[in-house]
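One structure below.
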Amino acid sequence: MARIDQLLSFCTVVELKSFSLAAERLGLTQPTISLQIKALEGEFGTVLLHRESHHIMPTSEGKIVYDNAIKILALYEKTRQAVYQNRGDFSGNLTIGASSGPAEYPIPLLLGKFKSEHPECTINLQVGDSSEVIDKVFKQSLELGFVGTKRRDGNLYFEPYLEDKLVLVAAKDHPVAQKKRISFQELFEVPLIMQQPGSGATINLQEALSAGGLNFNDLNILMELGLQDSVKSAVAAGYGAAIISSLGIKKEIESGILQEIEVEGLDLYRQIFICYNRMLPLTNITKEFLAFAIRNKGL
């Protein structure tokens with residue numbers, strides 16, 4: 001019979017598309033992860049994963065196992081938390097998701113302070129783009145997610161949490177940074193490095209341009225990278241400019257690594273939302289963290 005640790009390893013490999021990254025996240029060795037996957041494949045009598053280009057992807061049978069395994073893991077964690085709640089403590093795992101903006105600020109501060117008040121709990125932060133985090137909340141593999149966009153779904157609730165602004169940034173020696181202010185029309189000539197299509201920043205920019213009768217595809221996009229850190233590194237190296245969450249670049253702006261450029265006529269204010277699934281009752285520790293996060297918005 002499949003064990004919880006085997007299912008957890010399998011789901012982590014599927015989500016990260018890598019044995020080595022899964023091993024790093026779970027604090028295990030890569031051979032241990034491989035043995036657990038092989039045992040799981042032996043249990044089901046079929047291959048569950050295969051290599052596709054440079055990533056590990058689930059087979060058709062693997063997708064079936066994954067979709068059900070995340071429900072089993074969620075139910076297992078819910079059961080654990082119910083036991084802790086019955087004992088009247090806040091032990092157990094707090095696992096939340098965040099897109100790259102709030103993962104830079106304020107989530108680390110919130111988690112650090114929460115841990116100091118509840119040292120008995122174990123904290124796991126999963127970072128992805130907004131679409132990935134929302135998908136995990138929808139599939140009930142995450143209870144809470146901090147994201148930069150919403151999705152229309154009756155089972156999902158999005159509570160406004162913080163106001164954020166998307167800003168144009170470049171390395172201080174990049175030509176566009178010398179202007180400090182550009183027109184809205186000039187933006188379409190600036191070589192841009194964008195986050196991947198599922199990111200909240202990209203979705204917000206697409207919606208803002210569409211509302212103004214403009215086409216996102218008319219922007220001069222040099223490349224699309226994964227998470228915000230990759231975009232910041234490429235911009236700092238001088239490869240282009242980026243439109244990015246102001247929450248995630250505070251350090252770079254203050255240190256002078258990146259410079260903000262004002263775009264006349266472009267106001268990209270947005271909400272950071274706390275997302276949770278109405279169909280999944282929150283565990284005791286997650287309820288406590290949600291209340292804590294709301295109390296400490298100005299942290």
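The letter at position 89 of the sequence shown is residue 89 when you use full-length UniProt numbering, and the numbering goes up by one with no holes. In this text, a Cβ means the ideal position worked out from N, Cα and C, and glycines have one as well.
Taking Cβ positions, are residue i and residue j nearer each other than 7 Å?
i, j, result
"residue 215", "residue 192", "no"
"residue 319", "residue 61", "With the chain represented from 1 up to 299, any question about residue 319 goes unanswered, as that position is not in the structure."
"residue 158", "residue 165", "no"
"residue 148", "residue 200", "yes"
"residue 144", "residue 276", "yes"
"residue 33", "residue 18", "no"
"residue 98", "residue 138", "no"
"residue 238", "residue 171", "yes"
"residue 6", "residue 40", "yes"
"residue 161", "residue 272", "yes"
"residue 44", "residue 292", "no"
"residue 359", "residue 153", "Nothing can be reported for residue 359, as the shown portion of the chain is limited to 1 through 299."
"residue 142", "residue 123", "no"
"residue 56", "residue 13", "yes"
"residue 16", "residue 22", "yes"
"residue 4", "residue 76", "yes"
"residue 140", "residue 282", "no"
"residue 70", "residue 11", "yes"
"residue 195", "residue 235", "no"
"residue 131", "residue 213", "no"
Using alpha carbons as the reference points, say which of the options lies closest to residue i.
i, options, result
"residue 95", "252, 83 and 78", "78"
"residue 1", "47, 36, 83 and 218", "36"
"residue 262", "168, 69 and 190", "168"
"residue 202", "100, 125, 138 and 296", "100"
"residue 103", "217, 229 and 237", "229"
"residue 269", "256, 244 and 3", "244"
"residue 177", "256, 231, 132 and 106", "256"
"residue 133", "156, 117 and 119", "156"
"residue 241", "258, 251, 250 and 58", "258"
"residue 190", "92, 250 and 223", "223"
"residue 107", "196, 232 and 125", "125"
"residue 205", "49, 53 and 267", "267"
"residue 119", "135, 127, 93 and 252", "93"
"residue 80", "42, 163, 121 and 54", "121"
"residue 163", "274, 42 and 109", "274"
"residue 47", "53, 59 and 116", "59"
Kindly indicate the opening and closing residues of the alpha helix (DSSP H) around residue i.
i, result
"residue 225", "Unbroken run through residue 225 is the beta strand (DSSP E), 221–225; no alpha helix (DSSP H)."
"residue 284", "284–295"
"residue 204", "200–211"
"residue 109", "107–117"
"residue 38", "30–44"
"residue 9", "4–16"
"residue 21", "19–26"
Tell me residue i's beta-bridge partners as DSSP assigns them.
i, result
"residue 93", "122"
"residue 127", "98"
"residue 56", "51"
"residue 194", "224"
Practice task
Give, in chain order, every unbroken run of the beta strand (DSSP E) that is at least 3 residues long and sits entirely within the stretch 130–192.
Solution key: Entirely contained in the stretch 130–192, the beta strand (DSSP E) runs reaching 3 residues are, in chain order, 144–147 and 156–171.
Problem - Length at least 3, wholly inside the stretch 239–283: the beta strand (DSSP E) runs in chain order - result: Listed in chain order, they are 242–245, 258–263 and 269–277.
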